[in-house]
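All remarks here apply to the structure that follows.
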Amino acid sequence: MGVQCGRNSQGLTARRDRDARNAVISGGRCPALLDTTCAGQSRVEVVSDYQRFADQGTTLELRALTVRQEYWVAIESFDENGVSALGPAIRIR
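Residue numbers (the working numbering): -13 to 79.
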């Protein structure tokens, strides 16, 4: 992702686990991926920030979410070429 991979959030998925307190977020794939996933309770408010580096894969498991609370995620990626624009927020379903 980052600058050299162009538009981020391609392939971004976010879904609640059977245990609704957990969610799995998966990002797009890029060989130079160093990505940051932001989770919030609205599309504009950033509540938490999680960094995933290229050697950690593109999947993040969020735990201890509030049941029946709406959460949104977006990806902002970075690599040695710079930082991408924040991708569109998607709702965790």
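Every residue, glycine too, gets a C-beta built ideally from N, C-alpha and C. Just so we're clear, the structure is a prediction, and the values are computed from it rather than from any experiment.
Item, Value
"Selected residue, minimal CA-CA separation from residue 5, among 73, 44, 41, 54", "54"
"C-beta contact flag for residue 38 and residue 75 at 8 Å", "no"
"Residues sharing a beta bridge with residue 72, DSSP", "BP columns for residue 72 are empty, so no partner."
"Distance, residue 11 Cα to residue 119 Cα", "This structure gives no information on residue 119, because the portion of the chain shown stretches from -13 to 79."
"Residue 34 classed as buried or exposed, judged by whether at least 16 other C-beta atoms fall within 10 angstroms", "exposed"
"Candidates 69, 52, 43: closest to residue 3 by CA position", "52"
"Residues of its chain near residue 77, where Cβ-Cβ distance is below 6 Å and the 5 sequence neighbours each way are ignored", "58"
"Nearest-angstrom Cβ-Cβ length linking residue 62 and residue 72, presumed shorter than 8 Å", "5 Å"
"Complete beta strand (DSSP E) runs within the segment 36 to 68 (minimum length 3 residues, chain order)", "45 to 48, 58 to 65"
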